[in-house]
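Residue numbers in the sequence shown follow my numbering, run continuously in steps of one, and reach 145 at the last position. This report refers to the structure that appears directly beneath it.
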Amino acid sequence: MTQRNASVEIIQQQLTAFARRARATAARIHPELSLVSYTLLAHLDDQQGCRATDLAAHYFLDKSTVSRQIAALEKLGFVERRVDPDDHRVQVLHPTPAGAAVLSNAMTSRRQAFHERLGDWDDADLARFASYLLRYNAAQELKG
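Encoded structure:
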């Protein structure tokens, strides 16, 4: 195996481990809020609302997956539907005050966990890691 292939294998393994930990962390933060639900709720908050079809397109998810996740968030009282003032045929999803509160608490907990995990990294290492993650995710967005 070449060094490049070995490095790619390690990256794949570590990103898989990262994703598993992220799902487990999401479950600990709020047992009923899956990682997908958390991600969708955060997007709604960040975008100040959007349509379910926009969520599906943005995250490359099937509309039925988004529908199930949104239904679960509505049942928890974290998301509400509002009629789009520009097009009354369209419903826009928004976090409720309870959804915004659980999201804020989750973000605070996640941020604290990252600070703890990265506490002994120097500023140069953090900056390099951040730039690599930005580069990796930008490449993903270009390729879709």
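Where is the CB? At the ideal position from N, CA and C, for every residue including glycine. Computed from a prediction, not measured in an experiment: that's the story for all the values here.
Between the CA atoms of residue j and residue i - distance to the nearest angstrom
i, j, result
"LEU45", "ASP126", "32 Å"
"ILE11", "GLN141", "18 Å"
"GLN48", "THR3", "43 Å"
"PRO86", "LEU42", "21 Å"
"LEU135", "ALA107", "22 Å"
"ARG5", "ASP124", "27 Å"
"ALA128", "ARG118", "15 Å"
Cβ neighbour criterion (16 or more within 10 Å) applied to residue i
i, result
"PRO32", "exposed"
"TYR133", "exposed"
"TYR137", "exposed"
"PRO96", "buried"
"ALA71", "First, the amino acid is wrong: residue 71 is Ile here, not Ala. Buried, because 16 or more other Cβ atoms sit within 10 Å of the Cβ of ILE71."
"ALA7", "exposed"
"VAL9", "exposed"
"LEU94", "buried"
"LEU104", "buried"
Contacting residues, own chain, Cβ-Cβ under 7 Å from residue i (five flanking each side not counted)
i, result
"ALA27", "LEU34, SER35, LEU36, TYR39"
"ALA23", "LEU36"
Cut-off 6 Å between Cβ atoms - residues of its own chain near residue i, not counting five sequence neighbours on either side
i, result
"ALA57", "LYS64, VAL67"
"HIS59", "none"
Close-in-space but distant-in-sequence residues of the same chain around residue i (CB under 8 Å, 5 per side omitted)
i, result
"TRP122", "PHE130"
"ALA114", "THR26"
"VAL91", "ARG52, VAL84, ASP85"
Does the structure place the stretch 70-77 close enough to the stretch 11-21 that three or more beta carbon pairs sit under 8 Å? no
Can we say the stretch 64-74 touches the stretch 36-53, given the rule of at least three CB pairs closer than 8 Å? yes
Assess contact between the stretch 100-112 and the stretch 78-87, defined as three or more Cβ pairs (one per stretch) separated by less than 8 Å. Is contact present? yes
Return the chain-ordered ranges of every alpha helix (DSSP H) run that is complete within the stretch 13-89 and spans a minimum of 4 residues. 36-48, 53-60, 64-76
Inside the stretch 94-139 only - alpha helix (DSSP H) runs reaching at least 4 residues: 98-118
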